[in-house]
Ligand code: AMP
Ligand code: MG
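In this note's numbering, the protein residues as written are 143 to 533.
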């Protein structure tokens, strides 16, 4: 059995950014990571642009100007503007070639066909120069950049429609267990509703992973082995729920061994989630998560999430951590590291009731996980502790 820290490090060292890229429309690329530098195809702004509603001036030495017309946003004209002449102009409109500055309208007195400046104006005031934000052929966004809403907007301003990003992995979730029934069906004696697959799918959706398939399998060796053999070939990431413990009807470990996967670790000194299993087969990443729902989700956040983000090209793939002051006392019973469901607000953290690995209610109300390393045995009210913020 290895420590949490060692397991965490092993998932990291055995994971690398995918070499697969895909070209997507910018509107589909939210949350993806750029696989190539994007070079700007244009100057932005593409023409000298007025930053104000006001008057473009043919010279800046005078106080009085003759008004000769107007240019509004979208006009394609470039009227000649001479010394002593001004033209009405609006925000976003092209500034005539001869203009030396734009004076905001609030600082101008207007008399019929003439304007008078209330104060002097600086050369090029309120004119956005060509390429002020970015010049043609400069790098607009570099490889490794995560595409956000602002990024989509920025690329759209440059007229870019498609970009090359790192492909997100295809993921299969396999729920094992004879006792499991899908919600919506009647429950017989001895049965429970299957919750892990939809829970993990929800967690994946939150992170922007959408290529997910869900399969179910009974506790039967041959069926388990056959299904695993097939999915390891077909998917980038295989997430198995349950069947990885030491019971007589836990067949996942045995099946994976028979398939000659490269086992990287099995069993971590942690609570919940001791029977966590991590393996690779070629390019495929395999996690077998313990079936108890809170164990499954805890292992997902701590180990699977950073792995998936790293595969997808994220440089910043770990959950955000912070510190908070504990409002709770907690004492650990065993020697293992513990992950506790918690709620953080205003720099204070409550450790929630109902920490058993079979219970999801506390997790449903949590926004953070508190980690107690092996060597820490208790938390006292007022202690400053580390919290891992959930996405
Ligand atoms: P296992 O890891 O298969 O030994 O399962 C441990 C516990 O988690 C058992 O009580 C199972 O009934 C429960 N469990 C396993 N898989 C699921 C699932 N997909 N949804 C809900 N509970 C599960
Ligand atoms: Mg089971």
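All C-beta atoms, glycine included, are put in the ideal place defined by N, C-alpha and C. All values derive from a computational prediction rather than experimental measurement.
(request) In the DSSP assignment, find the alpha helix (DSSP H) that holds residue 265 and state where it starts and stops. (result) Element bounds for residue 265: n/a, residue is neither H nor E.
(message) Below 7 Å, is the gap between the Cβ of residue 392 and the nearest heavy atom of ligand 2?
(response) At least one heavy atom of ligand 2 is nearer than 7 Å to the Cβ of residue 392, so yes.
(message) Whole angstroms are fine: how far does the CA of residue 429 sit from the CA of residue 310?
(response) Straight-line measurement puts the Cα of residue 429 at about 17 Å from the Cα of residue 310.
(message) Can you find the residues in the same chain that come closer than 6 Å, C-beta to C-beta, to residue 407, ignoring five residues on each side of it along the sequence?
(response) The beta carbon of residue 407 sits closer than 6 Å to those of 144, 149, 152, 420, all from its chain and outside the five residues before and after it, given in chain order.
(request) Report yes if the CB atom of residue 243 is closer than 8 Å to the CB atom of residue 206, and no otherwise. (result) For residue 243 and residue 206, no; Cβs fall outside 8 Å.
(request) Apply the 10 Å Cβ neighbour rule to residue 412 and answer buried if 16 or more other Cβ atoms are within range, or exposed otherwise. (result) Taking all protein chains shown into account, residue 412 has 16 or more neighbouring C-beta atoms within 10 Å of its C-beta and is therefore buried.
(message) Taking only three categories from DSSP, how would you classify residue 529?
(response) Assignment of residue 529 by DSSP, reduced to helix, strand and coil, places it in the strand class.
(request) Would you mind sorting residue 452 into buried or exposed? The rule is 16 or more other CB atoms within 10 Å of its CB. (result) It is buried - the Cβ of residue 452 has at least 16 other Cβ atoms within 10 Å.
(request) Under the assumption that residue 313 contacts residue 374 (Cβ atoms under 8 Å), give the Cβ distance between them as a whole number of angstroms. (result) Contact flag wrong, Cβ pair sits at about 13 Å.
(message) By the three-class DSSP mapping on this structure, what secondary structure does residue 448 have?
(response) In this structure, residue 448 counts as helix in the three-state DSSP scheme.
(request) Would you identify the three-state DSSP class for residue 204, choosing helix, strand or coil? (result) Assignment of residue 204 by DSSP, reduced to helix, strand and coil, places it in the coil class.
(message) Mapping the DSSP letters down to three states, classify residue 396 as helix, strand or coil.
(response) The answer is helix: DSSP assigns residue 396 an H, G or I state.
(request) Pick helix, strand or coil for residue 236, following the three-state DSSP scheme. (result) Secondary structure of residue 236 (DSSP, three-state): strand.
(message) Looking at the secondary structure, which residues open and close the alpha helix (DSSP H) in which residue 155 lies?
(response) Where residue 155 is concerned, the enclosing alpha helix (DSSP H) stretches over 146-155.
(message) Going by beta-carbon coordinates alone, are residue 342 and residue 450 separated by less than 8 Å?
(response) No, Cβ-Cβ distance for residue 342 and residue 450 is not below 8 Å.
(request) Kindly indicate which residue of 210, 305, 225 has the alpha-carbon position closest to the one of residue 231. (result) Checking every option, the nearest Cα to that of residue 231 belongs to 210.
(message) So, does the segment 267-276 touch the segment 237-253, judging by three or more C-beta pairs under 8 Å?
(response) Between the segment 267-276 and the segment 237-253 there are three or more C-beta pairs closer than 8 Å, enough to call the two in contact.
(message) For residue 183, which residues in the same chain have their Cβ closer than 8 Å to its Cβ, ignoring the five residues on either side in sequence?
(response) Excluding positions up to five away in sequence, the list reads 278, 300, 301, 302.
(message) Is residue 399 close to chain C? Criterion is C-beta to C-beta, closer than 8 Å.
(response) In summary, chain C is missing from the structure at hand, where a single protein chain is found.
(message) From the DSSP secondary-structure annotation, give me the bridge partner or partners of residue 292.
(response) Answer by DSSP bridge pairing: none, since residue 292 is not bridged.
(request) Run the proximity test for residue 366: is its beta-carbon closer than 7 Å to any non-hydrogen atom belonging to ligand 2? (result) No - ligand 2 has no heavy atom lying nearer than 7 Å to the Cβ of residue 366.
(message) I need the DSSP call for residue 503, collapsed to helix, strand or coil.
(response) In the structure shown, residue 503 falls within a helical segment according to DSSP collapsed to helix, strand and coil.
(message) Check for me: the alpha helix (DSSP H) holding residue 464 runs from which residue to which?
(response) Segment 463-468 is the beta strand (DSSP E) holding residue 464; no alpha helix (DSSP H) there.
(request) When you get a sec, list the residues whose CB is within less than 7 Å of any heavy atom of ligand 1, chain order please. (result) Every residue passing the under-7 Å Cβ criterion appears here: 317, 318, 319, 321, 322, 334, 335, 336, 337, 338, 339, 383, 384, 385, 386, 387, 389, 392, 417, 432, 433, 434, 435, 500.
(message) Is residue 279 close to ligand 2? I mean its beta-carbon at under 7 Å from any heavy atom of the ligand.
(response) The answer is no for residue 279.
(message) With a threshold of 7 Å (Cβ to nearest heavy atom), would residue 179 be considered close to ligand 2?
(response) No, since every heavy atom of ligand 2 falls outside the 7 Å radius drawn around the Cβ of residue 179.
(message) Quick check on residue 367: does DSSP put it in helix, strand or coil?
(response) Here residue 367 carries a helix assignment [DSSP, helix/strand/coil].
(request) Grab me the residues of residue 540's own chain with a C-beta within less than 8 Å of its C-beta, minus the 5 sequence neighbours each way, in chain order. (result) Nothing can be reported for residue 540, as the shown portion of the chain is limited to 143 through 533.
(request) Could you tell me which of 235, 381, 365, 179 sits nearest to residue 317, measuring between CA atoms? (result) Closest option to residue 317, judged by alpha-carbon separation, among 235, 381, 365, 179: 381.
(request) Enumerate, from N- to C-terminal direction, the unbroken beta strand (DSSP E) stretches of 3 or more residues contained entirely within the segment 418-444. (result) For the segment 418-444, whole beta strand (DSSP E) runs of length 3 or above, ordered along the chain, are 419-423, 426-431.
(message) Would residue 476 and residue 514 qualify as a contact pair, given that the criterion is a beta-carbon distance under 8 Å?
(response) Their beta carbons are not under 8 Å apart, which means residue 476 does not touch residue 514 by this criterion.
(message) Using the Cβ count rule (16 or more neighbours within 10 Å means buried), how would you classify residue 255?
(response) By the C-beta density criterion, residue 255 is exposed, having fewer than 16 other C-beta atoms within 10 angstroms.
(message) Could you compute how far the alpha carbon of residue 459 sits from the alpha carbon of residue 444?
(response) Roughly 11 Å between the two C-alpha positions.
(request) Can you say whether residue 454 is buried or exposed, counting buried as having 16 or more other CB atoms within 10 angstroms of its CB? (result) It is buried - the Cβ of residue 454 has at least 16 other Cβ atoms within 10 Å.
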